[in-house]
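Quick notes on the structure that follows.
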Amino acid sequence: MSVDGWNTVLVLGGIRSGKSEFAESLVAEAPTVRYVATSAAGDPTDAEWAARLKAHRDRRPGGWTTEETADDPRRLADVVASARPNETLLVDDLGGWVTVLLDPAHQPADDTATVAELADAVRACPARLVVVSPEVGLSLVPTTPLGRAFTDALGAANRAVADACDAVVLVVAGQACWLKTPAASSGTGAGAVTATQATVPAVAAQAAATATAGGGRDDRAAALPEVLTPTTAPEPAGVPWAAPTMALPVVATGLVIQPGMELPMPDEYAGPQALERLATLDVPGAGLGVLERVVGFAAATQGTPTPASWDSVRVLLLHGDHAGGAAAGSPPGESARRAAQARAGQGVLARLAAESGASLQVVETPASEAIEELPALDHEQVEQALRYGWRLAEEAAEAGVRLLVLAACGAGTDAAAAAVLAATAGAEPPAVLGRVVTAGGEIDDAAWMRRCAAVRDALHRTRRSPRDAKDVLAELGGGDIAVATGVLLGATARRLPVLLDGPVGLAAGMVSRDLAGQARHWCLLADHGGHPAVRLAADVLGLDPLLDLRLDLGEGANALTALPLLRSVLSLAAALPARPDQQDAAGADTAASADAAGADDSAGGPDAAAFVEPEPAGPGPATTAPTEPAAPTEHAPPAEHAPPAGAAEPTGSEPDPAGRRAD
C-alpha cells in the first residue's frame, strides 16, 4: 500500500478550485510521473484556452513525461490498465475526456460501456494513480441539450471512477476534504454512494508516492491513520453548589466530578445470553476459548446477545511528561518526538492504528512536577484535566466511535503509575516498577533505582495527605493519569467501552473506581505486556488479560495489535449459524409450545368445569348465610322459598357445575 493508505484516488473540484495543484502535490516526490493529458488542443485562436494549457505544462517538473489521449477516448482505459506497479500516473482530467467522448467524431458509440471500461481499468490498476475531474453536479441543470449531455456523462463517469478508487477527495477553494478513505472503501459495493468520512489529515496534502523501480515489485508502504487534533481545551471547574445533581453529561452542565457518581452499568443479562448463544454455534471445535470473554464484554456493553464488531475505533495517545526522578533513564525530548511522530502518521502506534482502521488522536496533557518534591498538579489543574478527559470521551461518542483505546508516550509514566498504585492499593514501589531499558536494549539499573527513590520520597512526602481520588491525582498521578481518569469516567457515562494495556490506563482505572465504581466494568484488558504495575492493577480491578503477546512497543501497541483479532471474533460470533441439532431442538420446542398453548385454549379436560366460577345472582355478596350451615328442620321449606336455579350456594357447600344442589 502507499504511504497514505490509497493506491488510486479521485480528486474532484470546481473550476479554479485548486484541484490540479492538489493532485500534483500528491505525487510531487515520486521518482517518475507519467502525466496523462486528456483534453484536446482546442481552437488555435483561443488564447485563453492556450494559456490554461500552458499553465498546466509549466507546473509540471522537468522529469515528468506526458502522454496525450485526446485522439481516442477508449485509449485512456488502455493506458491505465497497462501501467506497471512501479509507475505513478496523473490523469488530468475527466472533464476533457468526456468532452472528447461526446465529440460527434467519435459517435455513435456506447458511452456507458466506455465509462465502465475506464472504471474497471482504474479498479485493477497496479500503479499509483491520481485522477482529476471537475465536479459539475453542484450547479444548476444546463438549459441546453449539449450541456445536459455533458453534465450527465461526467456525473456518471465521476461516480463510476469514485467507486473504483481507494479514496476520493473534494477540493473547494483550495481546501481538501476527503469524501472516501481507504478504511471506508473496503466495504463499499459497486455503485454505492460513499458518505463523507473525515476531513483531510494534515499530512495528506503532502503525501507522495514511494514507488521505486523494483522490477514489478509493489513497494507501497503501510497506510496512515486518520490523525485528529483535540478541538477543546480544559475549562474551569464547576461550581460547588451544583455538586449534588448527577445529571449527564456532567461536563456540559458544569457539574463537578466527585466520588459516588451514579453512572450506567453494562447490561447484566446480555453478556451471559451471548455466552449461552456461543455454545450453540456451528463450529468444528470447542469454540472461541478465552476469547469468549470478548463476546460477553461486547454484548454487555452493547446491550444485545449478538454484539456487532467495533467498526469505529479511536486511539487517544496521551502525551505528558513527569519531571524529576520519575523520568530517570528517559532521553530528553524523546516523548515529544514520539508524539510528533504520531501526529505525522508515523511510528508504531500510527502504523498499527492504520492497519486496524482506527483514528489516532494525540492529546497533550499538563506537565507534572517532580513528585518527590512537589505535588504533580494543583487541584484546579486536576479538575480541568478530569473534565478535559470526560469531554474527549463525549466527543468520541458523538462522532460515532464504538471503542476507545488508551495509549500514552510521556516520560516518567511508569513511576507515576507505581506511585498511584502504592497509594491506592498498598503496593511496594520496587515490586510494580518495570525495568528501565535503553534504546540499545540494555538494562539501566541506576535509572531504575532513581525512579524507585523518587516514588519512595513522594510517598514519604504525602504520608499524612488524604488518599481521596483527586488528592492522589494531584500529589502523585499527574496530568496524563488525570486526563485518562476523565476519559474512563466520560466513556462510562456514554456507555463507550475502553481497551487498556498499559500502566497509565490501569492507574486511571484504580483512581476512577473511587469516583465511580461502574467505570471498571466498561474496561477490557487486551494484554498486561509483562508489566508488574499492570498485573497488580488488573488483579485489583478484576480485569483478566485476553492475550499474552509479550510485546514491548509502548502503551497502546498491544491493544492495537490485538484489535483485528478481537474484531474478527465478534464478526464470527455474529455471523455463524446455530448447529443443526440446535435448530431442530429449537423447532421442537416451538412446536411443543404451540401445542401447549392450544391445549390451554381448549376446554381443558373433564375436570375443567369444576373450576368454573359460578355467576352471582346479582350485585352485592353472593350470600349472607352464616359460615356454619343451619340445623336441619322437620319440614322442608315451601317450594316458593326454594333458591332459584343457578343461585349461589351457601358458604361451605361445593357448587355443582350444572347448577344443581349437591346431595
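Just so we're aligned, residue 1324 is where the sequence shown starts under my numbering, counting upward by one. Glycine residues also receive a C-beta, built at the ideal position from the N, C-alpha and C atoms.
For Val1705, I'd like the list of residues in its chain whose CB is within less than 6 angstroms of its CB, leaving aside the five on either flank, ordered along the chain.
For the purposes of this step, residue 1705 is identified with residue 382 of the sequence shown, where counting begins at 1. Cβ within range, chain order: Lys1793, Leu1796, Ala1797 and Ala1805.
Between Glu1585, Thr1411, Gly1670 and Ser1348, which lies nearest to Tyr1358 when the distance is taken from Cα to Cα?
Taking the first residue of the sequence shown as position 1, residue 1358 is located at position 35. With distances taken between Cα atoms, Tyr1358 lies closest to Thr1411.
What is the rounded straight-line gap between the Cα of Ala1741 and the Cα of Pro1753?
Here the question's residue 1741 lines up with position 418 in the sequence shown. Here the question's residue 1753 lines up with position 430 in the sequence shown. Rounded to the nearest angstrom, the two C-alpha atoms are 9 angstroms apart.
Nearest neighbour of Leu1870, chosen from Leu1847, Pro1855 and Leu1864 [CA to CA]
By one-based count along the sequence shown, residue 1870 stands at place 547. Out of Leu1847, Pro1855 and Leu1864, Leu1847 has the C-alpha closest to the C-alpha of Leu1870.
Which residues in the same chain have their Cβ closer than 7 angstroms to the Cβ of Leu1726, if we skip the five residues on either side of it in sequence?
Along the sequence shown, one-based indexing puts residue 1726 at 403. These residues qualify, in order along the chain: Trp1633, Val1636, Pro1820 and Leu1822.
Assuming Ala1730 and Gly1879 are in contact, meaning their beta carbons sit under 8 angstroms apart, how far apart are those beta carbons, in whole angstroms?
Residue mapping note: residue 1730 aligns to position 407 of the sequence shown, counting from 1. Residue mapping note: residue 1879 aligns to position 556 of the sequence shown, counting from 1. Confirmed, Cβ separation roughly 2 angstroms.
Just the Cα atoms here: how many angstroms apart are Pro1449 and Met1833?
Looking up residue 1449 in the sequence shown gives position 126. Looking up residue 1833 in the sequence shown gives position 510. So the alpha carbons of these two residues sit roughly 51 angstroms apart.
Touching by the beta-carbon criterion (3+ pairs, under 8 angstroms), the region 1665-1684 and the region 1773-1788
no
Assuming Ala1483 contacts Ala1439 (C-beta within less than 8 angstroms), just tell me the rounded distance between them.
If you number the sequence shown from 1, residue 1483 lands on position 160. If you number the sequence shown from 1, residue 1439 lands on position 116. 7 angstroms between Cβ atoms; contact.
With 16 other CB atoms within 10 Å as the buried threshold, where does Leu1463 fall?
Here residue 1463 refers to the residue found at position 140 of the sequence shown. With fewer than 16 other Cβ atoms within 10 Å, it is exposed.
Sorted by chain position, which residues of the same chain lie with C-beta nearer than 8 angstroms to Leu1756's C-beta, five sequence neighbours on each side aside?
As a first step, residue 1756 is located in the sequence shown; it is residue number 433 there, counting from the start. Taken in chain order, the residues that qualify are Asp1737, Ala1738, Ala1741, Trp1771, Arg1774, Cys1775, Val1778, Pro1855 and Ala1856.
Report all residues from its chain with a CB closer than 7 angstroms to the CB of Met1588; omit the five preceding and five following residues, and keep chain order.
Residue mapping note: residue 1588 aligns to position 265 of the sequence shown, counting from 1. The answer, listed in chain order, is Gln1841 and His1844.
For Ser1340, the three-state DSSP class (helix, strand or coil)
Here the question's residue 1340 lines up with position 17 in the sequence shown. Coil at Ser1340, not helix or strand.
In this structure, how does DSSP classify Ser1691 when only helix, strand and coil are distinguished?
Translated into the one-based positions of the sequence shown, residue 1691 becomes position 368. Strand.
6 angstroms Cβ shell around Asp1850 - same chain, five flanking residues per side excluded
In the sequence shown, the residue the question calls residue 1850 occupies position 527. Result list for Asp1850: Asp1824, Pro1868, Leu1870, Leu1872 and Asn1881, in chain order.
Answer yes if the region 1645-1654 comes into contact with the region 1680-1692, meaning at least three C-beta pairs across the two stretches below 8 angstroms, and no otherwise.
yes
Span separating the alpha-carbon of Gly1828 from that of Gly1801:
In the sequence shown, counting from the first residue as 1, residue 1828 sits at position 505. In the sequence shown, counting from the first residue as 1, residue 1801 sits at position 478. One C-alpha to the other measures close to 13 angstroms.
In this structure, what does DSSP give as the bridge partners for Ser1456?
Working through the sequence shown from its first residue, we reach residue 1456 at position 133. Bridge partners of Ser1456: Leu1335.
State the CB to CB distance for the pair Leu1639 and Gln1684, rounded to an integer number of angstroms; the pair is presumed to be in contact (CB under 8 angstroms).
Sequence index remark: in the sequence shown, residue 1639 carries index 316 (1-based). Sequence index remark: in the sequence shown, residue 1684 carries index 361 (1-based). The Cβ separation is near 5 angstroms, so the contact holds.
Give me the Cα-Cα distance between Gly1813 and Leu1700, rounded to the nearest whole angstrom.
Mapped onto the sequence shown, residue 1813 falls at position 490. Mapped onto the sequence shown, residue 1700 falls at position 377. Rounded to the nearest angstrom, the two C-alpha atoms are 21 angstroms apart.
Can you have a look at Pro1457 and say buried or exposed, based on whether 16 or more other CB atoms are within 10 angstroms of its CB?
Here the question's residue 1457 lines up with position 134 in the sequence shown. Under this definition Pro1457 is a buried residue.
Taking the runs of the alpha helix (DSSP H) that are 4 residues or longer, which of them lie wholly in the region 1598-1650?
1615-1625
Residue span of the beta strand (DSSP E) that contains Leu1413, given as start and end
In the sequence shown, residue 1413 corresponds to position 90, counting from 1. Start and end: Thr1411 to Asp1415.
Does DSSP put Cys1846 in a helix, a strand or coil?
The residue given as residue 1846 occupies position 523 in the sequence shown. Cys1846: strand per DSSP, three-state reduction.
Compute the Euclidean distance between the alpha carbons of Leu1864 and Gly1749, then round it to the nearest angstrom.
If you number the sequence shown from 1, residue 1864 lands on position 541. If you number the sequence shown from 1, residue 1749 lands on position 426. Computed Cα separation, rounded: 14 angstroms.
Answer with buried or exposed for Pro1966, where buried requires no fewer than 16 other C-beta atoms within 10 angstroms of its C-beta.
Locating residue 1966 in the sequence shown gives position 643, counting from the first residue. Residue confidence is low: Pro1966 scores 47 on pLDDT, short of 50, so the model does not pin down where it sits. No coordinate-derived value is stated.
From what residue to what residue does the beta strand (DSSP E) around Thr1388 run?
Within the sequence shown, numbered from 1, the residue matching residue 1388 stands at position 65. Thr1388 to Glu1391 is the extent of the beta strand (DSSP E) around Thr1388.
Of the residues Leu1586, Ala1353, Ala1404 and Arg1471, the one placed nearest Gly1386, counting alpha carbons only
Here residue 1386 refers to the residue found at position 63 when the sequence shown is read from its first residue. The shortest Cα separation from Gly1386 among Leu1586, Ala1353, Ala1404 and Arg1471 belongs to Ala1353.
Applying the 10 Å Cβ sphere with the 16-neighbour rule, what's the burial state of Arg1890?
Within the sequence shown, the letter at position 567 stands for residue 1890. It is buried - the Cβ of Arg1890 has at least 16 other Cβ atoms within 10 Å.
Hey, Ala1393 and Thr1361: beta-carbon distance below 8 angstroms or not?
Counting from 1 along the sequence shown, the entry for residue 1393 is found at position 70. Counting from 1 along the sequence shown, the entry for residue 1361 is found at position 38. Yes. Within cutoff.
From what residue to what residue does the beta strand (DSSP E) around Ala1360 run?
Locating residue 1360 in the sequence shown gives position 37, where the first residue counts as 1. Segment Arg1357 to Ala1360, the beta strand (DSSP E) holding Ala1360.
Chain-order list of residues whose beta-carbon lies under 6 angstroms from that of Ala1651 (same chain, five-residue window excluded)
Looking up residue 1651 in the sequence shown gives position 328. Here the set comprises Ala1770, Arg1773 and Arg1774.
So is Ala1831 buried or exposed if we call it buried at 16+ other beta carbons inside 10 Å?
Counted from its first residue, the sequence shown places residue 1831 at position 508. Buried: at least 16 other Cβ atoms inside 10 Å.
Answer yes or no: do Ala1346 and Val1334 have a C-beta to C-beta separation smaller than 8 angstroms?
Here residue 1346 refers to the residue found at position 23 of the sequence shown. Here residue 1334 refers to the residue found at position 11 of the sequence shown. Yes, Cβ-Cβ distance for Ala1346 and Val1334 is below 8 angstroms.
N-terminal and C-terminal residue of the alpha helix (DSSP H) that Val1863 is part of
Start at 1 with the first residue of the sequence shown, and residue 1863 comes out as number 540. Here the alpha helix (DSSP H) through Val1863 covers Pro1855 to Leu1864.
Which residues DSSP lists as bridging Leu1796, in chain order
Here residue 1796 corresponds to residue number 473 of the sequence shown, with the count starting at 1. Answer is none; Leu1796 lacks a bridge partner.
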